[in-house]
Amino acid sequence: MSVPILTIPETAFNPAGYLPAKHARRSRLLRYMLTLTRTLAAALILAYLVGFLAIKPLMETTTTQRIEFLEACRTRLRAFYINVMGRVEYIPTIGIERSHGVVKKVYADSVCQTEDLEKKQLAEKPLETLGQALVLEKLSLLLTKLQECLAYLVQDIEHYRVVDFSLKDLRQKSEMVYFDQNKLFSEQGQTRKPRHLAREVKQDIRSIKGMFMSGRA
6 MSVPILTIPE TAFNPAGYLP AKHARRSRLL RYMLTLTRTL AAALILAYLV
56 GFLAIKPLME TTTTQRIEFL EACRTRLRAF YINVMGRVEY IPTIGIERSH
106 GVVKKVYADS VCQTEDLEKK QLAEKPLETL GQALVLEKLS LLLTKLQECL
156 AYLVQDIEHY RVVDFSLKDL RQKSEMVYFD QNKLFSEQGQ TRKPRHLARE
206 VKQDIRSIKG MFMSGRA
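Residue numbers for the sequence shown follow my numbering, so the first one is 6 and each next one is one higher.
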């Protein structure tokens, strides 16, 4: 009895043959995306290195050269401007016509950069004090009036002491007459005679005059 020889084909060891066709296509797409992403990442890194190591120094050098050139131009223009303005003594008036709607107006623009004329204009220009000059004038007038006033004491006034003594005496008499402590309470049925205040004040004034005339005050 003979035994047949069994052979295993090479395709049996390929796992892709056992997977469906849809899964195989998806795997190829994924591999393609991964390859593309790696390529782009490598290209980006290479471009960054080239820009950082090569392009950046070149741009810095170019910018520095431009700044130096502009600084040199500015220095020369400044020297030229100072030289020209040092020679100019007078700049004529310039008329500038500007239209505001329908009406046209001409503006005069006079410019001069010389130091002598600028000092002259500053000297001729009135000083703006915002009304302080008027305040100073009024304060000066008030100071003059106050300096003319003489200091004095009240006691030095003529007849001050006489009048003061008379007023004190009058106040004492009035207090004794109108505010007598002994007459605060009156008996019932006792009628008080009405007083004539004007006549009493007149008599007090006459008594004060008599004191002055007699020299007792």
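Positions of the beta carbon are idealized from the N, C-alpha and C atoms, including for glycine. Quick caveat: nothing in here was measured; it's all calculated off a predicted structure.
Three-way DSSP call (helix, strand, coil) for residue i in this model
{"i": "LEU135", "result": "coil"}
{"i": "GLU163", "result": "coil"}
{"i": "CYS78", "result": "helix"}
{"i": "GLN118", "result": "Here GLN118 scores only 43 on pLDDT, less than 50, and its place in the model is too uncertain to base an answer on."}
Candidates the options, of which the one nearest residue i by Cα
{"i": "GLU205", "options": "GLN137, LEU135, LYS178", "result": "LYS178"}
Buried or exposed by the 16-neighbour rule on C-beta atoms within 10 Å, applied to residue i
{"i": "SER219", "result": "exposed"}
{"i": "ALA47", "result": "exposed"}
{"i": "GLN118", "result": "Caution is warranted here: a pLDDT of 43 is assigned to GLN118, below 50, making its placement in the model unreliable, and no coordinate value can be reported."}
Any non-hydrogen atom of the ligand ZN closer than 7 Å to residue i Cβ
{"i": "GLN177", "result": "Inclusion of the ligand ZN in the displayed structure is not the case, the ligand content being empty and no account of it being possible."}
Residue i vs residue j beta-carbon contact at 8 Å
{"i": "ILE213", "j": "LEU151", "result": "no"}
Three or more C-beta pairs below 8 Å linking the segment 210–219 and the segment 167–178: yes
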